[in-house]
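Undergrad: This is the structure I want to talk about, given as structure tokens.
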Amino acid sequence: MKLTFLGTTAMVPTKTRNHPGILLSYKNENILFDCGENIQRQLAYLNFSSAKLTKVLMTHWHGDHSLGIPGLIQSMSAHHFSGNLEIYGPQKSKLFMNKILDSFLLKEKINFTVKEVKGKFFENNDFILEAFSMKHTAPCLAYSFIEKKRRKINLEYLKKFNLEKHPLLGELQKGKDVIYRGEKIRAKEGTYIIPEKKITYITDTIINKNCIKAAQNADLLICESTFTSELKEKAKEYFHLTSVQAAEIAKKAKVKTLILTHFSQRYKNVSQFKKEAKKIFKNVLLAKDFMSLEL
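The following block contains the structure:
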């Protein structure tokens with residue numbers, strides 16, 4: 007599981023920070039959270055083909071989070087995308103998507119579907135996607151990606167049975183005891199559990215109870231921090247969070263790591279954000295464009 011930050015500023019891009027976007031790569035999935043202007047070029051810097059994208063999760067449809075969509079579709083077509091791009095978002099996402107595309111003379115098109123979601127909206131054998139309503143000046147969602155706990159083979163233990171490659175390994179991974187060469191191998195010794203991992207993304211909102219609910223026990227909380235605490239009234243006026251409020255969410259939700267992002271362009275140096283947040287929550291990182299980490 008790899009996360010890469012494609013854009014970490016707020017409404018106005020800067021020389022070093024692009025409009026919002028985060029790429030989550032997991033097995034055969036490449037999930038894009040938000041699609042700010044210039045995201046296609048940010049992907050190009052990573053030598054990542056946009057044709058590999060499988061899902062786009064839109065928090066809301068303000069321009070700084072959505073203006074990259076026409077260019078992204080154009081790039082995906084140029085890279086011969088042949089699948090169906092799944093686009094998820096809040097209420098009126100279908101309407102806004104149609105309006106955006108109608109505004110451009112796009113000859114290049116791809117297959118895509120748009121779904122307006124809330125609660126648990128996707129699940130397969132590997133992971134779950136959840137959406138939580140936020141409080142902003144437009145319909146807005148926070149998202150959680152939850153990798154399900156899984157059972158892995160204990161190769162060291164199985165060496166004593168000379169069991170390495172065999173269909174029975176599949177049964178063990180299902181949690182079933184097996185018989186091999188007359189000996190019983192218990193699943194609880196022959197395998198071990200890797201606990202679930204959770205990533206939550208919260209942006210463009212004032213603090214509300216769903217922030218805590220969305221981030222509860224997350225391994226990683228990526229949270230907007232548009233203003234420092236000295237501008238908390240401005241944050242409230244524009245329906246955004248401060249670094250202190252982001253840290254309070256992380257503490258109350260009992261997350262393991264907090265990453266602050268979505269910094270206002272007014273700040274040339276964002277070290278103050280971390281300084282304020284760490285007074286409340288210890289494990290704090292500051293996002294920057296092209297920062298990546300693996301979980």
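Sequential numbering of the sequence shown, starting at 7, is according to the working numbering.
In this text, a Cβ means the ideal position worked out from N, Cα and C, and glycines have one as well.
1. Using only alpha-carbon positions, find the residue among Ile-37, Cys-41, Glu-35 that is nearest to Thr-14.
2. Quick test of your reading: Thr-248 and Phe-269, contact by CB under 8 Å. State the CB separation rounded to the nearest angstrom.
3. For the alpha helix (DSSP H) containing Val-6, name the first residue and the last one.
4. For the alpha helix (DSSP H) that contains Val-250, what are its first and last residues?
5. Within a Cβ cutoff of 8 Å, which residues of the same chain sit near Asn-223, ignoring the five residues on either side of it in sequence?
6. Rounded to whole angstroms, what's the CA-CA distance from Glu-72 to Thr-197? Just pull it up for me.
7. Can you tell which of Gln-271, Gly-95, Lys-58 has the C-alpha that lies nearest to the C-alpha of Ser-88?
8. In the DSSP assignment, what residue or residues form a beta bridge with Thr-143?
9. Hey, Leu-292 and Leu-264: beta-carbon distance below 8 Å or not?
10. Would you please state the rounded distance, in angstroms, between the beta carbons of Phe-167 and Tyr-149? I believe it to be under 8 Å.
11. Measuring alpha carbon to alpha carbon, tell me which residue in Ser-31, Val-276, Gln-179, Pro-145 is nearest Lys-194.
12. Taking all protein chains shown into account, do 16 or more other C-beta atoms lie within 10 angstroms of the C-beta of Ala-252, making it buried, or fewer, making it exposed?
13. For Phe-102, list the residues DSSP reports as bridge partners.
14. Measure from the alpha carbon of Lys-238 to the alpha carbon of each residue in Ile-45, Pro-96, Phe-279, then state which is nearest.
15. Going by DSSP, what residues sit across from Phe-11 in a beta bridge?
TA: So, from the data block:
1. Cys-41
2. That pair is no contact at about 11 Å.
3. Outside the displayed span of the chain (7 to 301) sits residue 6, for which this structure offers no information.
4. 249-259
5. Lys-204, Ala-259, Lys-260, Val-261
6. Here residue 72 turns out to be Ser, not Glu, going by the sequence shown. Taking the straight line joining both Cα atoms gives about 44 Å.
7. Lys-58
8. Answer by DSSP bridge pairing: none, since Thr-143 is not bridged.
9. no
10. Wrong, their Cβ atoms sit about 43 Å apart, outside the cutoff.
11. Gln-179
12. buried
13. In the DSSP output, where bridge partners are listed per residue, Phe-102 has none listed.
14. Phe-279
15. Ile-28
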